[in-house]
Amino acid sequence: MGETGKEEYKIQSFDSETQKLLKTALKGQQAFYELLCHQAGHKGCWVLTVFLLSADPSNVDLEKVANIIVDQSLKDCVFSKEAGRICYTIIQAESKQVGQSVFRRSLLNRLQQEYKDREELRTRSLQAWICFVTFICNIFDYLRVNNMPMMALVNPVYDCLFRLAQPDSLQKEEEVDCLVLQLHRIGEQLEKMNSQRMDELFSLLRDGFLLQEGLSSLSQLLLLEIIEFRAADWKMTDAAQKYYYSEVAD
């Protein structure tokens, strides 16, 4: 969470008002994050450069900031992979500087809304659905209460992963890839929070791998890899890494 340096992401263009709002929410005097948006080399794109700077949220509408971050995360899967770190920064800064939790409350309320409408979201846009799953898993990874993952997010995250393990989702490589990526990232944490549900999830994955017809060779490979990854105590041996990644490359 405290990784230094900067990373650049191409995202859809923010208007000037939104840029100003984000900069105000994330800009300060000591070290956390600042969002600096500048035009990339081609029209319609921006590069979001994330630096470790401090946040000063006292003069900004944090509910609006939360909605902007969620909206962008549903459009841009690259952004959704890093949004948890941005949200964590704002939450820490708000708590430290103004002793409130407006941003966290707004963020969780919006997540709850999107979670309730997840099936409609998946039907409307598979990409937006995958972005949402990536985002909520990223939030689960970063947000902590007493140095533990938020219990309120455990079952919603599991429900999203269970949806990705259903037969119709296993037919889509994008959803299988998303499922495996999230389990690599947060599977061990999730299992510690509720091992029974993880057992049930992997029972579905094993049945899908062994019994379901019509899976692509890539989906089969990804499912086998994650099954073996968990069986090895959420670790990948050098031999397994060499095998699976050479197969994917081929």
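Residue numbering for the sequence shown follows full-length UniProt numbering, beginning at 1 and increasing consecutively. We treat Cβ as the ideally placed atom computed from N, Cα and C, and that holds for glycine.
- Between Gln220 and Phe209 the beta-carbon gap is near 6 Å, inside 8 Å, which marks them as a contact.
- With contact defined as three or more Cβ pairs closer than 8 Å, the region 99-119 and the region 168-180 are not in contact.
- Annotation for Asn138: Ser80, Lys81, Ala83 and Gly84 place their beta carbon closer than 7 Å to its own, counting only its chain and skipping 5 residues before and after.
- Here the C-alpha atom of Leu126 lies approximately 32 Å from the C-alpha atom of Ser101.
- For Val145, DSSP records a beta bridge to Met148.
- In this structure, DSSP gives Ser217 a helical state, which the three-state scheme calls helix.
- Inclusion of Leu179 and Leu161 in the CB contact set at 8 Å is warranted, their separation being smaller than that value.
- For Asn155 and Asp238, the gap between their C-alpha atoms comes out near 33 Å.
- Contact check for Ile90 against Leu111 fails: the beta carbons are separated by 8 Å or more.
- One alpha carbon belongs to Leu223, the other to Asp61, and they sit about 43 Å apart.
- In the DSSP assignment, Gln100 falls outside any alpha helix (DSSP H) and carries neither an H nor an E.
- Straight-line measurement puts the Cα of Leu211 at about 25 Å from the Cα of Ile130.
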